[in-house]
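Undergrad:
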Amino acid sequence: MTKDRITEILNRPSSQEMLTRDLCRLAYVAKDGTPRSIPIAFAWNGEQAVMCTSKNAPKLASLRQNPNVAITIDTEVHPPTILLIRGSVELDEVDGIPEEYLEMNGSYGMTADQRVEWEAEVRSLYDGMVRIVMTPTWAKLIDFETTLPSAVEELIQQRAERQRRTGGSSVPSDETRASTSTS
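The sequence shown maps to residues 9 to 191 in the working numbering.
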């Protein structure tokens with residue numbers, strides 16, 4: 009997928025809305041070869057998804073071994089909006105707390121006093137963190153209005169082809185149903 013195509017998908021209004029959400033699901037391959045999918049807070053900087061974790065997080069060894077990942081961001085309503093992004097990550101160990109970490113955790117409902125207390129707790133816990141910076145290499149938005157899962161798109165094409173061959177109807181006629189039920 010070209011960079012221009014990825015940018016076009018990620019710049020759609022529905023995608024932009026998804027990229028402002030608090031959590032994504034990060035999928036990667038663990039060191040033992042099994043898949044992992046974890047919820048993790050993220051921030052979108054306009055070109056990359058940035059996630060932060062502790063320097064001792066087990067996922068880091070896996071990501072160093074295989075930096076190819078996928079993230080899913082979705083809604084909990086019907087029909088859902090789903091943003092799928094694949095890419096590779098770079099790991100950036102930093103001293104202190106990355107600004108993105110403070111930003112991505114800033115949307116939770118906290119009073120000003122709670123925010124001050126939370127931030128003090130975070131700063132006392134972490135002497136540094138690792139920024140997991142994902143650069144997209146593929147993206148798909150599924151909104152069930154303008155885009156569908158590829159398997160559903162394929163079924164729609166197959167149905168259209170059947171309708172074209174049979175003169176328009178994909179619903180079996182009474183005669184067809186009767187002949188197939190007595191066979």
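Here a beta-carbon is modelled for each residue, glycine too, at the ideal position from N, C-alpha and C.
Locate the beta strand (DSSP E) running through LYS148, then write down its first and last residues.
TA: 136-150
Undergrad: Fully enclosed by the region 25-97, which alpha helix (DSSP H) runs are 4 residues long or longer?
TA: 67-73
Undergrad: Among LEU163, THR154, GLU162 and ARG167, which has the Cα closest to the Cα of PRO21?
TA: The alpha carbon of PRO21 has as its nearest neighbour, out of LEU163, THR154, GLU162 and ARG167, the alpha carbon of THR154.
Undergrad: Assuming contact is defined by CB atoms lying nearer than 9 Å, are ALA35 and ILE79 in contact in what I supplied?
TA: yes
Undergrad: Taking only three categories from DSSP, how would you classify LEU5?
TA: Outside the displayed span of the chain (9 to 191) sits residue 5, for which this structure offers no information.
Undergrad: Okay, do the region 106-120 and the region 41-59 touch, 3+ Cβ pairs below 8 Å being the bar?
TA: With a cut-off of 8 Å, the region 41-59 and the region 106-120 count as touching, because enough Cβ pairs lie within range.
Undergrad: Between the C-alpha atoms of ALA57 and MET142, what's the straight-line distance to the nearest angstrom?
TA: 5 Å
Undergrad: Taking 8 Å as the limit between beta carbons, can you name the residues of its chain near ILE156, skipping five residues before and five after?
TA: Here residue 156 is Leu; the residue named in the question, Ile, does not match the sequence. Closer than 8 Å at Cβ, skipping near neighbours: ILE150 and ILE164.
Undergrad: Check the DSSP bridge columns for VAL102 and list the partner residues they point to.
TA: MET137
Undergrad: For GLU162, collect the residues of the same chain with a Cβ closer than 6 Å to its Cβ; drop the 5 residues on either side in sequence, then sort them by chain order.
TA: none
Undergrad: Grouping DSSP H, G and I as helix and E and B as strand, with all else coil, what is MET9?
TA: coil
Undergrad: Kindly indicate which three-state DSSP category ARG170 falls into: helix, strand or coil?
TA: helix
Undergrad: Could you tell me the boundaries of the alpha helix (DSSP H) in which ALA112 lies?
TA: The displayed chain sequence assigns Met, not Ala, to residue 112. 107-112 is the extent of the alpha helix (DSSP H) around MET112.
Undergrad: Name the residue from LEU27, LYS39, GLU25 and PRO47 whose alpha carbon lies nearest to the alpha carbon of ARG33.
TA: PRO47
Undergrad: Return the CA-CA distance between ARG167 and VAL102, expressed in angstroms with no decimal places.
TA: 54 Å
Undergrad: So, for LYS148: in the same chain, excluding its five sequence neighbours on each side, which residues have a beta-carbon less than 6 Å away from its beta-carbon?
TA: Hits under 6 Å: LEU92.
Undergrad: Identify, in the order they occur along the chain, each residue of the same chain with its Cβ nearer than 8 Å to the Cβ of GLU183, setting aside the five sequence neighbours on each side.
TA: Annotation note: pLDDT 45 at GLU183 (below 50); position unreliable, no value reported.
Undergrad: Helix or strand or just coil, what does DSSP make of THR119?
TA: coil
Undergrad: With 16 other CB atoms within 10 Å as the buried threshold, where does THR145 fall?
TA: exposed
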